[in-house]
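*Asks:* Those sequence lines, one after another, are chains A and B.
One gets my numbering by counting positions in the first sequence from 1 and adding 5 to each.
One gets my numbering by counting positions in the second sequence from 1 and adding 5 to each.
Before I ask anything, let me first share the structure, which is written out below as structure tokens.
There are 2 protein chains.
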Amino acid sequence: MTQLLLTTIINERFLNLDVSQYTSSVSAIHHRLEQSENEPTGWLNGPIAMDSQNLYPILTMADEIKKNAEVLIVIGVGGSYLGAKAVQEALTPYFQKNEDGIEVIYVGYNLSGSYMKQIIDSLQGKEFYVNVISKSGSTMESSLAFRVLRKYTVERYGEEGKERIIVTTDPEKGLLKEIADTRGYRRLEIPSNIGGRYSILTAVGLLPIAVVGVNIVELMEGAKKAALDLKEESLEKNEAYRYAMIRHALYTQGFRIELLASFEPALSYIHEWWKQLFGESEGKSRKGLFPAAVSYSADLHSLGQFVQEGSPILFETFLHFKEVSKDYSIPYTIANDDGLNYLSNRTFNEINSISKQGTVLAHAEGGVPIIQIEVEKLDAFHVGYLIYFFMKACAMSAYLLEVYPFDQPGVEAYKKKITELLIEESVAH
Amino acid sequence: MTQLLLTTIINERFLNLDVSQYTSSVSAIHHRLEQSENEPTGWLNGPIAMDSQNLYPILTMADEIKKNAEVLIVIGVGGSYLGAKAVQEALTPYFQKNEDGIEVIYVGYNLSGSYMKQIIDSLQGKEFYVNVISKSGSTMESSLAFRVLRKYTVERYGEEGKERIIVTTDPEKGLLKEIADTRGYRRLEIPSNIGGRYSILTAVGLLPIAVVGVNIVELMEGAKKAALDLKEESLEKNEAYRYAMIRHALYTQGFRIELLASFEPALSYIHEWWKQLFGESEGKSRKGLFPAAVSYSADLHSLGQFVQEGSPILFETFLHFKEVSKDYSIPYTIANDDGLNYLSNRTFNEINSISKQGTVLAHAEGGVPIIQIEVEKLDAFHVGYLIYFFMKACAMSAYLLEVYPFDQPGVEAYKKKITELLIEESVAH
């Protein structure tokens with residue numbers, strides 16, 4: 006049995022889904038994925054091969070960082086930070102750091118001078134480590150941030166500072182690898198056959214995730230379970246493939262936005278990670294579902310109106326964790342002047358679940374096709390499972406759409422423009 | 006001269022815009038807005054009427070809160086918190102509280118038990134005030150949170166606790182007004198003729214904004230300047246109307262997503278506020294542009310691929326502040342092992358601006374229609390100006406689309422479902 010339940014409420018007028026139409030294409034893609042040794046699909050079997058022995062170097066380094074620092078600065082952009090940030094937000098407390106972890110601050114994902122100035126100011130008097138993450142080592146945002154942080158590390162710690170810089174990069178090539186080897190920074194590896202947005206379950210995500218105090222052994226066990234469960238070829242048994250099929254069918258029916266909806270504010274960076282995964286994998290050749298996300302019930306009082314009655318271009322995917330560890334009871338009051346005593350035998354999480362059910366019903370009645378992904382529990386194991394589920398579903402989805410899931414040619418366009426402008430300007434300057 | 010510059014880059018094949026087509030409808034809507042005494046358009050002239058004398062009660066209360074508390078808990082959902090949160094994020098530091106302000110925490114915008122539990126735990130030993138904001142007083146999310154916080158306030162402060170509860174609600178009717186009057190909580194008013202998502206420049210937004218240390222006198226001066234500038238009837242002189250016209254023209258050309266893009270992470274809640282404003286005002290009668298947002302350059306490494314090469318259903322609105330108060334210089338290094346010394350005479354904000362230019366060029370070449378909104382400076386005055394600009398543009402946009410900008414009938418659908426389910430369940434329980 007899988008750890009995740011996929012259900013749908015789709016009005017027949019939108020989708021007359023004949024699963025048998027998909028059987029042969031899904032099967033062909035399944036085999037293509039299984040036999041893709043020369044493709045960047047190292048993430049497919051990565052979690053199966055990985056055990057606690059493989060995780061040992063990462064765990065040891067995380068312990069060293071937690072012992073010697075109050076803050077870990079993670080430098081990275083796109084796939085080099087979204088995964089770690091997503092798991093951190095999902096599994097650590099809202100208003101304080103985790104008991105078993107230290108603070109992690111993300112830099113180099115923007116070019117704001119104001120942000121950089123404040124980062125450096127906030128580091129005064131704090132012990133820190135730096136983890137720079139980039140496959141090529143030539144992404145401008147993270148390279149500039151690393152330049153600043155290297156200088157600051159030397160100012161603060163002198164020659165010894167090099168022990169506080171960890172470089173996560175390609176094991177064989179690239180500018181960052183060269184810099185690390187020349188300067189004597191320690192390195193962690195991004196396997197050559199895993200691209201940025203599929204790298205969360207490698208050292209890229211795992212070191213920061215361990216440093217904030219999330220159990221990465223359990224996270225990887227969940228991912229491993231998913232990797233095994235989702236090896237099934239059949240659409241009936243493989244929920245990742247079914248999710249891919251349904252969203253593809255909705256796309257062919259004319260829907261152009263997939264709205265990921267959840268009811269726990271902690272999931273907001275899972276949304277962001279998911280948006281990158283699907284948007285960058287599928288948004289090619291003038292195709293693809295635009296990935297958007299809402300955090301309910303907040304956004305029921307915002308985009309909810311549009312979902313219920315606006316342009317009929319979207320379907321909704323509800324992501325729901327059945328069990329969340331902390332909860333709070335609605336108190337009883339004698340006065341009952343707000344009229345809510347009828348809820349005083351309930352907890353917030355119970356009402357939140359009912360609120361999810363009510364929203365699903367209301368939106369379905371409004372004509373919005375609904376996919377529901379239900380996960381047992383919001384913990385490291387199940388988050389690991391979910392991450393793998395989405396990655397595998399994404400690869401299948403992109404191939405169904407007849408686009409290649411593992412490149413991002415459109416990102417180069419703006420990089421080229423910026424570099425041209427910068428060189429022009431620096432000559433003129 | 007206005008404080009804001011609106012420019013566009015729109016490929017002719019998308020938009021053969023004949024401004025004269027819009028002149029008469031814009032003019033008719035303009036007069037409808039000007040003469041709308043019986044409509045919820047109190048926000049239109051509100052900033053013109055308001056001066057520092059009107060702001061005095063809010064400023065005094067903010068001073069009292071800052072003097073007697075370390076935290077202000079704001080309870081509200083949708084328009085009752087997004088505006089304050091947007092201005093707070095835009096104008097206070099990233100990693101610490103503002104010098105002139107105290108911390109503000111938002112509650113009652115979700116139903117997470119985990120979030121509520123952690124809020125209450127984090128208040129232990131801290132002095133606090135509560136500001137509950139709701140026009141009707143019957144929104145479930147905020148009512149439940151208020152129930153919890155009222156009880157906790159009594160536990161912490163006893164009978165005196167009532168002095169620490171400020172109620173912002175309708176001055177004449179509603180459950181929350183009744184509760185406040187019976188219990189002796191002080192009240193601030195939401196004018197009857199201003200709806201939730203247009204209420205940011207009333208006590209709804211202004212009290213929390215003042216408490217975090219943003220200068221609300223300057224904020225309102227900016228809004229007042231905008232209210233005066235944007236009284237122009239002519240499309241040539243009124244940038245709010247021009248923005249409304251262009252987005253409407255793009256909608257009629259088949260575009261279905263407006264993507265608000267900015268390059269300063271501090272603007273992320275301005276995005277959220279804008280999404281509510283436009284999504285809830287326009288998403289009706291199966292019409293409307295789906296409002297989405299990206300925070301660049303982070304999202305260039307995420308949704309950037311989709312924007313450049315994905316489904317051609319979106320246009321992009323760049324929101325750019327020309328001056329941001331803090332900045333950081335790219336250091337020079339002797340080794341130059343990252344090859345970036347050619348930028349070492351520049352600052353991050355300069356490179357960020359160039360990055361914006363490069364992105365605009367790349368996306369325009371990719372066929373994405375571009376609107377650019379340039380604002381002089383990221384400060385209270387200009388943020389006030391921008392807020393008013395968006396509200397006026399939104400009212401014009403909705404009327405051009407032939408939907409009513411000031412209701413949200415679709416939000417009731419889910420409220421009704423949830424209430425039904427809760428009553429059923431509580432009978433069964």
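Yeah, the Cβ is synthetic: ideal placement off N, Cα and C, and Gly gets one too.
Does DSSP put T338/A in a helix, in a strand, or in coil?
*Replies:* Here T338/A sits in coil by DSSP.
*Asks:* Straight-line CA distance for Y301/B to T322/B?
*Replies:* 12 angstroms
*Asks:* Please confirm if E44/A has its CB atom under 9 angstroms from at least one CB of chain B.
*Replies:* No, E44/A lies away from the interface with chain B (no Cβ there is under 9 angstroms from its Cβ).
*Asks:* To which residues of the same chain is Y274/A closer than 6 angstroms at the C-beta, ignoring the five residues directly before and after it?
*Replies:* Exclusion of the five residues before and after Y274/A leaves K90, A91 and E94 as the residues of its chain whose Cβ lies within less than 6 angstroms of its Cβ.
*Asks:* State the DSSP-derived secondary structure class of S41/A, mapped to helix, strand or coil.
*Replies:* coil
*Asks:* According to a CB-to-CB cut-off of less than 8 angstroms, which residues of the region 97 to 111 of chain B neighbour chain A?
*Replies:* P98, Y99, F100, Q101 and I110
*Asks:* Just grab the DSSP bridge partners of E108/A for me.
*Replies:* V76/A
*Asks:* Along the alpha helix (DSSP H) that carries T364/A, what are the first and last residues, could you check?
*Replies:* F353 to E370
*Asks:* Are L22/B and A254/B closer than 9 angstroms when you measure CB to CB?
*Replies:* Contact: yes.
*Asks:* On the DSSP letters alone, give me the boundaries of the alpha helix (DSSP H) that K229/B sits inside.
*Replies:* I221 to D234
*Asks:* Got a sec, what are the start and stop residues for the alpha helix (DSSP H) Y404/A sits in?
*Replies:* A385 to L405
*Asks:* Quick one: what's S197/A bridged to in DSSP?
*Replies:* In the DSSP output, where bridge partners are listed per residue, S197/A has none listed.
*Asks:* For a contact defined as C-beta to C-beta under 9 angstroms, what are the partners of L308/B on chain A?
*Replies:* For L308/B, the C-beta contacts it makes with chain A under 9 angstroms involve K280, Q281, G284, E285, G288, F295 and P296, in order along the chain.
*Asks:* Secondary structure at L264/A, three-state DSSP: helix, strand or coil?
*Replies:* strand
*Asks:* I'd like to know whether the C-beta of M250/A is nearer than 9 angstroms to at least one C-beta of chain B.
*Replies:* no
*Asks:* In chain B, which residues lie less than 8 angstroms from R291/A when you measure between Cβ atoms?
*Replies:* E314, G315, S316 and P317
*Asks:* Specify the secondary structure class of E381/A as computed by DSSP and reduced to three states.
*Replies:* strand
*Asks:* Sort S358/B, E417/B and L305/B by Cα distance to Y419/A and report the nearest one.
*Replies:* L305/B
*Asks:* Inspect the beta-carbon positions of S29/A and E269/B and report whether they are closer than 9 angstroms.
*Replies:* no
*Asks:* May I ask you to report which of helix, strand or coil DSSP gives I205/B?
*Replies:* In the three-state DSSP reduction, I205/B falls in the coil class, being neither helix nor strand.
*Asks:* What in chain A is Cβ-close to D23/B, meaning under 7 angstroms?
*Replies:* Within chain A, no residue comes near D23/B; the closest Cβ sits about 24 angstroms away, beyond 7 angstroms.
*Asks:* Grab the span of the alpha helix (DSSP H) containing M150/B for me, first residue to last.
*Replies:* Note on identity: in this sequence residue 150/B is Ala, with Met being the wrong assignment. A150/B -> alpha helix (DSSP H) spans M145 to Y162.
*Asks:* Beta-carbon separation of M55/B and I171/B under 9 angstroms?
*Replies:* No. Outside cutoff.
*Asks:* Would you tell me roughly how many angstroms separate the C-alpha atoms of G106/A and I70/A, rounded to the nearest one?
*Replies:* 10 angstroms
*Asks:* Going by beta-carbon coordinates alone, are F260/A and C399/A separated by less than 9 angstroms?
*Replies:* no
*Asks:* Helix, strand or coil: how does DSSP classify E321/B here?
*Replies:* DSSP places E321/B in the strand class (E or B) of the three-state scheme.
*Asks:* Need the endpoints of the alpha helix (DSSP H) that F295/A sits in, please.
*Replies:* No alpha helix (DSSP H) contains F295/A, which is instead part of the beta strand (DSSP E) from F295 to S300.
*Asks:* Could you tell me which of L149/B, L64/B and Y120/B sits nearest to T338/A, measuring between CA atoms?
*Replies:* Of the candidates L149/B, L64/B and Y120/B, the one whose C-alpha sits nearest the C-alpha of T338/A is L149/B.
*Asks:* Using 8 angstroms for Cβ pairs, my map puts L60/A next to M225/A. What's the rounded Cβ distance?
*Replies:* 7 angstroms
*Asks:* Taking the straight line between their C-alpha atoms, what separation do you get for Y333/B and M121/A?
*Replies:* About 6 angstroms.
*Asks:* Counting Cβ pairs, one atom from each stretch, are 3 or more of them under 8 angstroms apart for the region 132 to 141 of chain A and the region 159 to 170 of chain A?
*Replies:* yes
*Asks:* Nearest chain B C-beta to V1/A closer than 9 angstroms, yes or no?
*Replies:* What the structure shows of chain A is the stretch from 6 to 434, and residue 1/A is not part of that stretch, so it cannot be assessed.
*Asks:* Can F311/A and F311/B be called in contact, C-beta distance under 9 angstroms?
*Replies:* No, Cβ-Cβ distance for F311/A and F311/B is not below 9 angstroms.
*Asks:* Can you check which of these residues, E285/A, I184/A, P317/A and G163/A, is closest to G344/B by C-alpha distance?
*Replies:* I184/A
*Asks:* Helix or strand or just coil, what does DSSP make of V216/A?
*Replies:* helix
*Asks:* Would you list the residues sitting across from E328/A in a DSSP beta bridge?
*Replies:* DSSP lists K382/A as the bridge partner or partners of E328/A.
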